[in-house]
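Chemist: Protein chains in written order, with our numbering: chain A, 12 to 195; chain B, 12 to 195.
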DNA sequence: GACAAGTCGTGAAGTACGTACTAATGTGCT
DNA sequence: AGCACATTAGTACGTACTTCACGACTTGTC
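1) Under 8 Å, CB to CB, which of the residues in the stretch 150–174 of chain B have a partner in chain A?
2) So, with DSSP's three-state summary, where would you put residue 138 of chain B?
3) Any idea if residue 50 of chain B is buried or exposed, counting beta-carbon neighbours within 10 angstroms, 16 or more meaning buried?
4) Terminal residues of the continuous beta strand (DSSP E) containing residue 133 of chain B?
5) Starting from the beta carbon of residue 145 of chain B, find every residue of chain A whose beta carbon is closer than 7 Å, and list them in chain order.
6) Looking only at its own chain, which residues have a Cβ that is under 6 Å from the Cβ of residue 147 of chain B, when we skip the five neighbours before and after it?
7) Whole angstroms are fine: how far does the CA of residue 119 of chain A sit from the CA of residue 128 of chain A?
8) Pairs of beta-carbons, one from the stretch 93–103 of chain A and one from the stretch 133–142 of chain A, closer than 8 Å: are there three or more?
9) I'd like to check one pair, residue 23 of chain B with residue 179 of chain A: are the Cβ atoms closer than 8 Å?
10) Among A:33, A:27, A:60 and A:79, whose alpha-carbon lies nearest the alpha-carbon of residue 184 of chain B?
11) Compute the Euclidean distance between the alpha carbons of residue 47 of chain A and residue 29 of chain A, then round it to the nearest angstrom.
12) Could you name the residues of chain A that residue 50 of chain B contacts, counting a contact when the two beta carbons are closer than 7 Å?
13) At a CB-CB cut-off below 8 Å, which residues of chain B make contact with residue 62 of chain A?
14) Within a Cβ cutoff of 8 Å, which residues of the same chain sit near residue 191 of chain A, ignoring the five residues on either side of it in sequence?
15) List the residues of chain B whose Cβ lies closer than 9 Å to the Cβ of residue 92 of chain A, in chain order.
16) Just the chain A side, please: which residues come within less than 7 Å of residue 44 of chain B by C-beta, in chain order?
17) Taking 8 Å as the threshold (C-beta atoms), are residue 103 of chain A and residue 117 of chain A in contact?
18) What is the DSSP secondary structure of residue 153 of chain B, reduced to helix, strand or coil?
19) Return the first residue and the last residue of the beta strand (DSSP E) that residue 31 of chain B is part of.
20) Please specify which runs of the beta strand (DSSP E), each continuous and at least 3 residues long, are wholly inside the stretch 47–90 of chain A, giving them in chain order.
21) Taking Cβ positions, are residue 157 of chain B and residue 65 of chain B nearer each other than 8 Å?
22) At which residues does the alpha helix (DSSP H) containing residue 105 of chain A begin and terminate?
23) Apart from the five residues just before and just after residue 79 of chain A, which ones in its own chain have a Cβ nearer than 7 Å to its Cβ?
24) Residue 35 of chain B touches chain A at which residues, Cβ-Cβ below 7 Å?
25) For residue 175 of chain B, count the other beta carbons within 10 Å of its own beta carbon; 16 or more makes it buried, fewer makes it exposed. Which is it?
26) Is there a C-beta anywhere in chain B that falls below 8 Å from the one on residue 195 of chain A?
27) Do you know offhand how far residue 31 of chain A's Cα is from residue 144 of chain B's?
28) According to the neighbour-count rule (16 or more other Cβ atoms, all chains shown, within 10 Å of its Cβ), is residue 67 of chain A buried or exposed?
29) Does the beta carbon of residue 138 of chain A sit closer than 8 Å to a beta carbon anywhere in chain B?
30) Are residue 41 of chain A and residue 177 of chain B touching if we call contact CB-CB under 8 Å?
31) Taking the beta carbon of residue 52 of chain A as the centre, do at least 16 other beta carbons fall within 10 Å, making it buried, or is it exposed?
32) Quick one: what's got a C-beta closer than 8 Å to residue 34 of chain B's C-beta in the same chain, skipping five residues either side?
33) Pick helix, strand or coil for residue 45 of chain A, following the three-state DSSP scheme.
34) Here's the rule: buried if 16 or more other CB atoms are within 10 angstroms of the residue's CB, otherwise exposed. What is residue 186 of chain B?
35) Is the Cβ-Cβ distance between residue 151 of chain A and residue 172 of chain B less than 8 Å?
36) In the DSSP assignment, what are the bridge partners of residue 21 of chain B?
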C-alpha cells in the first residue's frame with residue numbers, strides 16, 4: 012500500500028469519530044442540511060477499503076481477493092457435489108457474472124474445479140479441490156488474526172452491533188431495490 | 012441491478028442480524044473458533060456493496076461513482092485555485108493513481124479541469140467547473156434522500172455510532188499498517 | 001552550480017465488480 | 001408434440017481500485 016496515508020479523524024463532543032474534511036464537503040453539498048447519512052455512507056466506504064487493504068497486506072503472496080476468499084470458504088463449508096454459479100452468486104449477494112470471474116481465478120489457482128451438473132445441463136457446479144482445502148487450512152489462522160486485529164479496541168458487543176448495523180443497511184437496500192423495481 | 016438478490020438474514024437471540032450461510036462457512040474456516048471478527052468484516056463488505064448499488068440505482072444517467080462524487084464534493088467545498096492530486100488522494104484516503112483516474116473521468120464529464128500548479132511544476136491542480144457546481148446542486152437532494160433511505164430504520168444515535176465504528180476500523184488499519192511497515 | 005535523493009502525476013498491467021447481450025438448455029401451456 | 005418463455009453460464013465492455021515503474025521536477029547537501 013503506497014501513497015495511501017489516510018488523514019486522522021477528529022472526535023465529536025460525544026467521542027465518536029468523524030472525518031473533518033468529508034464533513035466540510037458534505038455540509039457544502041447538502042447546503043447546510045443534515046449530513047449524518049452521507050457521512051455514515053462515506054465511513055462505510057472508508058472501512059471497506061481499510062479492511063481490503065488489511066487483507067491484501069496480511070495474506071501476502073497467495074493472497075486471494077475478498078470475493079474469491081468468500082467463495083472458497085462457502086465451497087469449503089459444503090461437502091457435496093459442488094455449488095452452481097448462480098447459487099453462489101445469490102448466497103454471496105453478487106452478480107453471477109462476478110462469480111464466473113472469481114471461479115475463473117480460483118480455477119486458475121487450482122483451488123476449485125468446474126464440473127457439469129447432470130441434473131441441469133445449463134448449470135455448472137464449482138467444487139473445492141484438495142488444494143483449496145489446503146489453502147483454507149494454511150490461511151485460516153493468519154486471516155483470523157488479521158481481522159481480529161482490525162477490531163482490536165472493540166468490545167465483543169460492539170463487534171456484534173457493528174455487524175448488525177452493516178447488515179441492516181444491506182437489508183434496507185434490498186428492500187428499497189425491490190420497492191423501486193415495482194415502481195418502474 | 013440484475014442477478015443480485017441477496018439472501019435474507021437471520022437474527023441472533025439478541026436480535027442482531029447475521030448471515031447464516033456466511034457464518035456456517037466461517038465456522039468451517041476457523042475450525043470452530045471465534046467468527047465474530049470475520050463475520051463483521053464480511054458484513055462491512057456487504058454493506059459497502061449495498062450502498063454502492065443504491066447509488067448506482069439512485070443517480071441514474073449522470074450518476075458518478077462514489078469515488079468520483081467524493082472528489083467532486085471535496086473540490087466543491089474548497090473555493091481556491093484547486094487541489095493537487097496528491098492532496099486529494101491523501102484526504103480521501105485512496106492511492107494517488109486512483110485520483111488521477113477519477114479526475115480523468117470528471118474532466119471528461121466537464122465537471123472538473125486540470126490546471127498546472129505554478130508553485131510546483133510537478134503538481135497538477137484539479138478545479139471544479141461551473142458545470143461541476145451545477146451537478147452538485149442537481150444531485151444534492153436526490154443523493155441525500157437515497158442515503159437517508161438506506162438508514163431509514165436507524166435512530167440518529169445509531170447512525171452516529173455506526174460512523175464511529177467504521178472510522179475506528181479504518182483507524183486501526185492505519186495504525187496497523189504503520190506498525191507493520193516499521194517491522195519490515 | 002552540481003548532483004543525489006525524494007516527490008509528483010501518470011502509463012502499464014492486473015483484479016473485482018457492474019450491465020447488457022447471447023447461446024444453450026429447461027419448463028410450462030395449449 | 002410443439003412452441004413461447006424463463007433461466008444459466010458466459011462473452012463483451014466499462015469503471016474503480018491497486019501496485020510497479022518511470023520521467024519530470026524540487027530540494028537538501030556539498
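Positions of the beta carbon are idealized from the N, C-alpha and C atoms, including for glycine.
Modeler: Here's the rundown:
1) 151, 154, 155, 158, 159, 160, 161, 162, 163, 164, 165, 167, 169, 170, 171, 172, 173 and 174
2) Reading the second chain from its first residue, position 127 is the one you call residue 138 of chain B. Here residue 138 of chain B sits in strand by DSSP.
3) On the second chain, position 39 is the one that residue 50 of chain B refers to. Residue 50 of chain B comes out buried.
4) Within the second chain, residue 133 of chain B is the residue found at index 122, counting from 1. Taken as a continuous stretch (DSSP letters only), residue 133 of chain B belongs to no beta strand (DSSP E), as it is neither H nor E.
5) To locate residue 145 of chain B, count along the second chain from 1; it is residue 134. Here the premise fails: no neighbours, minimum Cβ distance about 13 Å.
6) Translated into positions along the second chain, residue 147 of chain B becomes position 136. Within the same chain, residue 147 of chain B has close Cβ partners 87.
7) Your numbering for residue 128 of chain A matches position 117 in the first chain. Your numbering for residue 119 of chain A matches position 108 in the first chain. Roughly 20 Å separates the two Cα atoms.
8) yes
9) Taking the first chain and counting its residues from 1, the one referred to as residue 179 of chain A is at position 168. Taking the second chain and counting its residues from 1, the one referred to as residue 23 of chain B is at position 12. For residue 179 of chain A and residue 23 of chain B, no; Cβs fall outside 8 Å.
10) Taking the first residue of the second chain as position 1, residue 184 of chain B is located at position 173. Comparing Cα-Cα distances from residue 184 of chain B to each of A:33, A:27, A:60 and A:79, the minimum goes to A:60.
11) The count along the first chain starts at 1 and reaches residue 47 of chain A at position 36. The count along the first chain starts at 1 and reaches residue 29 of chain A at position 18. The alpha-carbon atoms of residue 47 of chain A and residue 29 of chain A are separated by roughly 10 Å.
12) By 1-based counting over the second chain, the position of residue 50 of chain B is 39. The contacting residues are 174.
13) Here the question's residue 62 of chain A lines up with position 51 in the first chain. Here the neighbours are 52, 55, 56, 180 and 184.
14) What you label residue 191 of chain A is simply residue 180 of the first chain in a count that begins at 1. Nothing meets the Cβ criterion.
15) Reading the first chain from its first residue, position 81 is the one you call residue 92 of chain A. The contacting residues do not exist; residue 92 of chain A stays about 17 Å from chain B at best.
16) Residue 44 of chain B sits at position 33 when you count from the first residue of the second chain. Those are 155, listed as they occur along chain A.
17) For the purposes of this step, residue 117 of chain A is identified with residue 106 of the first chain, where counting begins at 1. For the purposes of this step, residue 103 of chain A is identified with residue 92 of the first chain, where counting begins at 1. It is not a contact, given that the beta carbons lie outside the stated cut-off.
18) Position 142 of the second chain, counting from 1, holds the residue named residue 153 of chain B. Reduced to three states, the DSSP call for residue 153 of chain B is helix.
19) Along the second chain, one-based indexing puts residue 31 of chain B at 20. Looking at the DSSP string, residue 31 of chain B is not in any beta strand (DSSP E); the run it does join, the alpha helix (DSSP H), is 31–41.
20) none
21) Numbered from its first residue, the second chain carries residue 157 of chain B at position 146. Numbered from its first residue, the second chain carries residue 65 of chain B at position 54. Yes, the Cβ-Cβ distance between residue 157 of chain B and residue 65 of chain B is below 8 Å.
22) Position 94 of the first chain holds residue 105 of chain A. Neither: residue 105 of chain A is in no alpha helix (DSSP H) and is coded neither H nor E.
23) In the first chain, counting from the first residue as 1, residue 79 of chain A sits at position 68. Counting only Cβ-Cβ distances below 7 Å, and skipping sequence neighbours, we find 113, 116 and 117.
24) If you number the second chain from 1, residue 35 of chain B lands on position 24. 88, listed in chain order.
25) Along the second chain, one-based indexing puts residue 175 of chain B at 164. That one is buried.
26) Position 184 of the first chain, counted from the start, is the residue given in the question as residue 195 of chain A. Below a pLDDT of 50, predicted positions are generally treated as unreliable, and residue 195 of chain A, at 42, falls in that range; the measurement from the model is reported next regardless. No, residue 195 of chain A does not count as interfacial toward chain B.
27) Within the first chain, numbered from 1, the residue matching residue 31 of chain A stands at position 20. Within the second chain, numbered from 1, the residue matching residue 144 of chain B stands at position 133. Whole-angstrom Cα-Cα distance: 21 Å.
28) The sequence position of residue 67 of chain A within the first chain is 56, counting from 1. When all chains shown are included, residue 67 of chain A counts as exposed.
29) Your numbering for residue 138 of chain A matches position 127 in the first chain. Answer no: the Cβ-Cβ gap between residue 138 of chain A and chain B never drops below 8 Å.
30) In the first chain, counting from the first residue as 1, residue 41 of chain A sits at position 30. In the second chain, counting from the first residue as 1, residue 177 of chain B sits at position 166. Not in contact: residue 41 of chain A and residue 177 of chain B (Cβ atoms no closer than 8 Å).
31) By one-based count along the first chain, residue 52 of chain A stands at place 41. So residue 52 of chain A ends up on the buried side.
32) In the second chain, the residue the question calls residue 34 of chain B occupies position 23. Cβ within range, chain order: 46 and 50.
33) Counting from 1 along the first chain, the entry for residue 45 of chain A is found at position 34. Residue 45 of chain A: coil per DSSP, three-state reduction.
34) As a first step, residue 186 of chain B is located in the second chain; it is residue number 175 there, counting from the start. That one is exposed.
35) Here residue 151 of chain A is taken as the residue at index 140 of the first chain, counted from 1. Here residue 172 of chain B is taken as the residue at index 161 of the second chain, counted from 1. Going by C-beta atoms, residue 151 of chain A is not nearer than 8 Å to residue 172 of chain B.
36) On the second chain, position 10 is the one that residue 21 of chain B refers to. Paired residues: B:29.
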